[in-house]
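The numbering used here puts the last residue of the sequence shown at 881; the count rises by one with no breaks. No residue lacks a Cβ here, since even glycine has one placed at the ideal position from N, Cα and C. Owing to the predicted nature of the structure, the values given are computational and were not obtained by experimental measurement. Report on one structure; see the data block that follows.
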Amino acid sequence: MTVPVPSAKPGISIAHLSVDHYETPAAGPIFIGTPAPRLSWRFASGTSENWLQKSYEVRIQRSGQEEAYAVDSEQSVLVEWPSTPLSSSGISTPSRPSTWNGWNSGTLGGIISCSADAQDKETSKRPFHVRKSFTLADQPKDARLYATALGLYEVEINGRRVGDHFFAPGWQSYNHHLNYQVYDVSALLKEGENVVGGYVGEGWYAGSIGFGGGRRNIYGERIGLMAQLEVGGEVVVQTDDGWEWVFGVLITSEIYDGERYDARQANDAWSISDGKGEGWTKVDVIDPPKGRLIYPESPPVRITEVVSVKEIITTPSGKTILDFGQNLVGWCRFSRAPRCKEGEEIVLRHAEVLEDGELGVRPLRVAKCTDTVICGADPSHLVEWQPKFTFHGFRYAEVSGWSGITKDDISAVVLHTDLERTGFFECSHEQINKLHQNVVWGWRGNSLSVPTDCPQRDERLGWTGDLQIFTPTACFLFNTAGFLAGWLRDVAAEQILEEDGVPPVVVPNVLQHVPFQSPMAVWDDVTALTPRDLHMAFGDRRILLDQYESMTVWLDKGVKRGRNGLYSPDLIQLGDWLDPKAPPEDPADCRTDSHLVANAYLVHVTKAVSDISKIIGKSTEAERYAADSARLKREFQREYISPSGRMVSDSQTALALAIQFDLFLDESQRQHAAERLAFLVTREKFKVATGFAGTPIILQALCATGNLPMAYRMLQESKAPSWLYAVLMGSTTMWERWDSMLPDGKINPGEMTSFNHYALGSVAAFMHNVIGGLVPLEAGWKKIRIQPQPGGTLTSANTRHISPYGEVSCEWEIRGDKLYVSVVVPPNTTASVILPGIKEELGSGRKEYIVDYKQDERWPPQPFKHPFMMPQEDTFVA
């Protein structure tokens with residue numbers, strides 16, 4: 004397949020070609036998982052003005068024949084495959100092949116495991132090696148390895164690691180889906196004798212997962228590898244009873260507790276084809292996977308960065324702690340050989356914070372987060388040592404057993420799903436920049452295979468509510484299209500096939516034994532709101548079609564209703580979870596009626612499903628859900644809104660939800676609510692008074708009702724609860740609680756206290772949309788609104804987003820009484836530019852503006868002052 008060539012004039016070039024949402028590596032084959040892929044091309048942003056694509060041409064070469072398709076169309080995002088479906092022999096681009104990887108179920112090998120009596124079902128499963136020797140008559144030119152596992156795996160060929168994936172095949176709902184990977188291994192094979200070997204660990208499949216001690220063997224009691232090696236399209240090796248297995252250097256390797264590595268038990272011959280080495284025995288072939296094999300569109304987990312030690316700390320108790328200066332997710336790697344004797348242990352304990360100068364491990368709950376290395380006779384063999392099947396969330400690592408350790412001896416390796424970075428923000432305010440960096444780091448650490456809630460303690464689960472409120476931010480910052488589409492597939496499978504229409508609150512669902520599995524607004528609304536957000540970000544109608552049953556089953560069957568069609572009043576709702584006023588022992592004790600929150604969302608989601616139905620051509624359903632939404636809105640007004648516009652719950656969250664979801668009867672009610680919201684914000688002295696439901700929208704609601712100075716003032720507040728409080732306390736990721744660390748340096752006593760928890764980072768959407776002024780008006784950023792709204796003490800900002808069409812950006816700076824604005828609109832799109840005194844439609848290209856600017860005279864807004872209150876200093880960060 005050649006690169007599509009649109010009819011273009013000089014100055015336009017294609018910067019990126021993609022096939023569906025599959026990863027496009029810089030070199031080597033582009034592996035895909037469908038015989039009829041959709042094609043997209045992203046343009047290089049340049050100076051060409053008002054350029055729209057009129058036509059494009061696609062050439063396909065296969066079996067020595069060329070097909071050409073010329074199409075008169077403006078479409079350049081997810082264009083349907085123009086030809087007959089591909090065979091698995093693949094197609095090629097001018098630079099490399101793009102291959103459909105149908106793993107032929109008729110030729111599959113089995114899943115191989117260690118002997119049945121080698122593993123105790125009730126304890127951690129020890130990782131094991133498997134291997135198989137084979138002979139090739141010639142040097143192969145086209146060799147492909149397919150692999151997956153029940154558990155986690157790594158593969159080597161002739162002693163060299165295959166691929167750069169970690170934690171493959173990832174975590175999924177194994178009862179329904181099992182991802183597999185494909186690797187080009189031509190360069191690893193040789194003429195003559197070869198050996199392929201694998202290492203298998205328990206991972207999420209059989210390891211202990213879930214808080215409260217967790218459960219083992221959730222998906223199965225036996226772990227194993229399934230692999231198939233093809234050379235020139237012919238199966239050369241597959242997993243069967245001809246393989247052999249042995250234990251190795253890994254004694255244990257658990258997600259929560261860490262890894263124990265014994266260098267004395269190294270079997271150097273495990274990947275050598277001469278068959279030497281002790282203990283190798285015949286494998287067991289176990290039951291095939293329950294789930295359907297899928298080649299995922301999500302990128303794999305990779306090493307994305309290496310961080311050096313910033314400081315070595317000696318604690319009051321005499322312990323040695325390495326400070327990497329950044330809360331991250333991954334593990335420690337030995338850069339040099341440790342100074343140790345055979346049998347001595349080097350122990351690494353990981354945590355996010357220090358408390359009283361010592362490692363702060365209480366927030367980890369029962370997770371040990373400890374790696375232990377038992378040294379062998381030759382410590383040089385430990386250079387480049389790192390764990391294999393565990394990961395940690397940490398900034399600090401306490402080291403024992405390594406005397407005289409230096410900064411150069413150990414580094415920290417950053418691991419997460421390798422999503423393309425697409426969103427960037429920077430402004431003149433140092434602390435707001437740091438806040439944005441914390442948001443980015445928080446999402447990086449919590450996007451390891453699935454979107455998790457925290458990467459450090461005995462949890463690390465895919466909470467649906469966290470992702471639902473953060474999706475717009477995630478989609479701006481990173482290309483999450485394939486990553487979240489795969490996760491939503493599991494949401495739908497577990498909701499429809501296992502939970503009678505009610506989505507689990509965590510996906511994959513490992514909390515089936517926990518009693519609160521009931522219909523839960525905000526969390527379960529991920530079924531509709533996240534596909535909607537993905538469609539707007541990436542322009543993919545298919546995500547709406549694929550998830551449509553999930554969202555309609557949720558509304559029609561999953562929601563348990565009272566007589567008026569709103570939520571049944573006897574249901575438990577998490578509501579505005581983690582309201583700052585909630586006590587540490589009861590994070591659901593919020594000041595906003597939890598059913599008000601649930602029913603506001605119900606009206607909103609029903610309207611969203613009506614809109615989605617219209618987009619995908621389901622007019623009857625669109626009308627039905629629109630009527631339902633209008634009826635539920637009237638019931639909501641009757642239940643929760645006074646004639647003047649006051650809310651039953653007189654809270655920021657209640658008012659913000661009603662404003663953002665358009666729940667008022669008329670404009671007079673909305674205006675009265677806006678005034679009340681402004682009063683409540685000033686009464687709280689601009690500190691945050693919202694939890695999960697209100698936090699993503701509070702600044703947007705203030706902005707939408709003409710109170711932009713208050714939004715900036717709240718963003719710049721320094722005292723807890725506020726976004727900048729954590730920044731000023733030295734945070735490098737987002738916290739779970741507004742005061743996860745108290746002003747005196749003590750850790751919040753609440754059991755749920757994480758220092759890496761991305762949900763409250765949804766505030767970054769305000770930075771992108773309002774400060775930066777970038778908003779998609781049509782799906783996929785085909786039409787854009789560019790409307791930066793300066794405020795507070797900010798004097799400049801630069802915001803960029805790599806959309807499916809190319810880069811869109813807005814840079815502004817205040818100089819005296821003038822506002823200087825530079826915008827870039829990508830080719831094949833248009834933008835509505837709104838600035839003081841200007842509103843115009845703009846085609847592609849770069850344009851500069853200079854407009855009059857006058858700071859809002861309401862800045863800085865003043866807090867409410869009761870006559871009996873002592874005067875207080877203003878606490879915003881200028």
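Where residue i falls: helix, strand or coil (DSSP)
i: M717; result: helix
i: L232; result: strand
i: R566; result: coil
i: R45; result: strand
i: M4; result: Unreliable positioning characterises M4 in this predicted model, as indicated by a pLDDT of 38, which lies under 50. A coordinate reading is not provided.
i: T96; result: In this predicted model, T96 has a pLDDT of only 36, less than 50, meaning its place in the structure is not dependable; the value taken from the coordinates is given anyway. Looking at T96 - three-state DSSP - the assignment turns out to be coil, as it is neither helix nor strand.
i: A881; result: coil
i: E552; result: helix
i: V165; result: coil
i: C813; result: strand
i: F667; result: coil
i: S211; result: coil
i: K584; result: coil
i: E626; result: helix
i: Y808; result: coil
i: A39; result: coil
i: R365; result: helix
i: Q672; result: helix
i: V684; result: helix
i: A11; result: With a pLDDT of 45 at A11, under the threshold of 50, the predicted position of this residue should be treated as unreliable, though the coordinate-derived value follows. A11 falls in the coil class under three-state DSSP.
i: W54; result: coil
Range of the contiguous alpha helix (DSSP H) that encloses residue i
i: D503; result: Unbroken run through D503: none, as it is neither H nor E.
i: K617; result: 597 to 618
Residue range of the beta strand (DSSP E) that includes residue i
i: R424; result: No beta strand (DSSP E) contains R424, which DSSP labels as neither H nor E.
i: H771; result: Where H771 is concerned, there is no enclosing beta strand (DSSP E), given that its DSSP letter is neither H nor E.
i: V529; result: Run containing V529: none in the beta strand (DSSP E); it sits in the alpha helix (DSSP H), 529 to 541.
i: A18; result: 17 to 22
i: L702; result: Looking at the DSSP string, L702 is not in any beta strand (DSSP E); the run it does join, the alpha helix (DSSP H), is 701 to 707.
i: N197; result: 195 to 204
i: Q329; result: 323 to 337
i: S414; result: 413 to 420
Minimum C-alpha distance to residue i - residue among the options
i: A230; options: A657, A190, L148; result: L148
i: K144; options: S116, G236, V198, S671; result: G236
i: E26; options: L42, A714, V288; result: L42
i: N482; options: E552, H132, I805; result: I805
i: P353; options: E739, F479, L331; result: Before going further, note that residue 353 is His rather than Pro in the sequence given. For the residues E739, F479, L331, the minimum Cα distance to H353 belongs to L331.
i: H180; options: R679, E739, A495, D820; result: A495
i: P779; options: A729, M539, R218, R65; result: M539
i: T832; options: G809, P839, V508, G840; result: G809
i: S632; options: A611, I615, K621, G620; result: A611
Residues bridged to residue i (per DSSP)
i: T483; result: Beta-bridge pairing links T483 to no other residue.
i: M732; result: Bridge partners of M732: none, in fact.
i: G173; result: DSSP, once it has assigned bridges, lists no residue as partnering G173.
i: P454; result: S450
i: E401; result: I324, R352
i: E69; result: Q64
i: K690; result: Bridge partners of K690: none, in fact.
i: Q241; result: Q231
i: P3; result: Only positions 4 to 881 of the chain appear in this structure, which leaves residue 3 out of reach.
i: D265; result: I377
i: V509; result: W466
Next item on the list: Taking 8 Å as the threshold, find out whether the stretch 598 to 610 comes into contact with the stretch 568 to 585 through three or more Cβ pairs.
Entry: yes
Next item on the list: Examine the Cβ distances between the stretch 281 to 301 and the stretch 23 to 38 and report whether three or more of them are shorter than 8 Å.
Entry: yes
Notebook entry, point to check: Okay, do the stretch 415 to 429 and the stretch 481 to 497 touch, 3+ Cβ pairs below 8 Å being the bar?
Noted result: Yes: the two stretches touch, three or more of their Cβ pairs being nearer than 8 Å.
Check: Just checking, does the stretch 360 to 371 make contact with the stretch 386 to 394 on the three C-beta pairs under 8 Å criterion?
Finding: The stretch 360 to 371, when compared against the stretch 386 to 394, does not touch it at the 8 Å Cβ threshold.
Next item on the list: Determine, using beta-carbon pairs with one atom in the stretch 845 to 855 and one in the stretch 75 to 94, whether at least three such pairs fall under 8 Å.
Entry: no
Note to self: Below 8 Å, how does it come out for the stretch 153 to 161 and the stretch 242 to 251: are there three or more Cβ pairs, yes or no?
What the structure shows: At 8 Å Cβ cutoff, the stretches do not touch.
Next item on the list: Count the C-beta pairs between the stretch 112 to 124 and the stretch 257 to 265 that are closer than 8 Å, then say yes if the count reaches three, no if not.
Entry: no
Notebook entry, point to check: Is the stretch 785 to 794 in contact with the stretch 806 to 814, if contact means three or more CB pairs nearer than 8 Å?
Noted result: yes
Notebook entry, point to check: Counting pairs of Cβ atoms below 8 Å between the stretch 545 to 565 and the stretch 511 to 530, do you hit three or more?
Noted result: yes
Next item on the list: Inspect the CB distances between the stretch 70 to 86 and the stretch 126 to 140 and report whether three or more fall short of 8 Å.
Entry: no
Checklist line | Contact between the stretch 469 to 481 and the stretch 440 to 454 (3+ Cβ pairs under 8 Å) | finding: yes
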